[in-house]
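One structure below.
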Amino acid sequence: MSTATAVGLRCRECGTEYADNPINVCEMDFAPLEVVYDYDAAKKVLTREQIQKRAFNMWRYRELLPEQEPVSGFNTGGTPLYHAKNLGKRLGGFNNLYVKFDGVCVPTLSFKDRVVAVSIARAKRFGFETVGCASTGNLANSVAAQAAQAGLKSVILIPKSLERAKVVNTQVYGATLIKIDGHYDDVNRLCAEIANDANIGIVNVNLRAYYAEGSKTMGF
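For what it's worth, our numbering labels the leading residue of the sequence shown as 9, then goes sequentially.
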């Protein structure tokens, strides 16, 4: 891998280990793969003091991500927590309930910006010139925006019935938009079939293991 702390991929079910490659399922049991870290190495660098010195975004925790240097989404994350007093009361007296608001996440005001930032960085590392996704809205916009930011082409597959308002920004960023006659599951299956043959880094298919790593930053 590209960092000293991320050391490979591992099947969540059987534990089979893999080298760093654009694959998302185990060859043995077709279970999902996850990124493996050397936490002993990470804790030598990632101290509370070191975190506080860094910019307030998801990359301040870079030793716990597959890539340490972003190529897009440079300021993604660092979104606010709001004290949900009334909700806490309704749920049974939780006085310190806070909710995370990713509606101000950059660059496209969606929590999807987190997962895409990690995926795009890994796609660049693998040498992909084109990235893409199956989407019904937010993911499409984020992939298109961050691909443009990273100097990559983007191909977005969506259900034909999807309303135009959900993907208008996708086209603004210069993505190639392909409408599929079917539901989201049909679109996702098609992405899985073409990802390797077309040499495209599909963020929620062959880059899925890295995509998932971006999601966890909502909890940091």
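Every residue gets a Cβ at the ideal spot worked out from N, C-alpha and C, and that includes glycine.
Note that the structure is predicted; figures quoted are calculated from it, not measured.
Residues sharing a beta bridge with residue i, DSSP
i: GLY96; result: In the DSSP output, where bridge partners are listed per residue, GLY96 has none listed.
i: ILE210; result: GLY140
i: SER162; result: VAL139
i: ALA14; result: TYR45
i: ILE202; result: DSSP output for ILE202 lists no bridge partner at all.
i: THR184; result: VAL163
i: TYR106; result: HIS91
Cβ distance (whole Å) where residue i is taken to contact residue j below 8 Å
i: PHE136; j: LEU160; result: 7 Å
i: ALA217; j: LEU72; result: Rounded, the Cβ-Cβ distance is 14 Å, inconsistent with contact.
i: GLY81; j: ALA125; result: 3 Å
Inter-residue Cα distance where the pair is residue i and residue j
i: MET9; j: LEU198; result: Confidence at MET9 is low in this model, with a pLDDT of 43, below 50, so its placement is unreliable and the value that follows should be read with caution. About 28 Å.
i: TYR181; j: ALA153; result: 6 Å
i: SER143; j: VAL114; result: 18 Å
i: PHE228; j: ILE166; result: 31 Å
i: VAL163; j: SER127; result: 14 Å
i: ILE186; j: ASN207; result: 17 Å
i: GLU221; j: GLY86; result: 16 Å
i: VAL139; j: VAL151; result: 8 Å
i: THR84; j: PHE109; result: 13 Å
i: LYS51; j: ARG70; result: 12 Å
i: LEU54; j: VAL43; result: 18 Å
i: LYS174; j: GLY145; result: 5 Å
i: GLN7; j: LEU105; result: For residue 7 there is no data in the structure shown, the boundaries of the chain being 9 and 228.
i: ASN212; j: TYR219; result: 7 Å
i: LYS93; j: GLY100; result: 11 Å
Burial state of residue i, where buried means 16 or more other Cβ atoms lie within 10 Å
i: MET36; result: exposed
i: LEU147; result: buried
i: ARG172; result: exposed
i: ALA155; result: buried
i: PRO74; result: buried
Neighbourhood of residue i by C-beta distance below 7 Å, restricted to the same chain and skipping five residues each side
i: ARG68; result: ILE59, ARG62
i: ASN103; result: GLY96
i: VAL79; result: ILE128, ALA129, LYS132, ALA158
i: GLY230; result: The question about residue 230 has no answer, for the chain in this structure spans 9 to 228.
i: PRO30; result: PHE134, GLY209, ASN214, LEU215
Cβ of residue i within 8 Å of any chain D Cβ
i: LYS61; result: The structure shown contains no chain D, having only a single protein chain.
Residues of its chain near residue i, where Cβ-Cβ distance is below 6 Å and the 5 sequence neighbours each way are ignored
i: ALA39; result: CYS19, ARG20, GLU21
i: PHE64; result: GLY86
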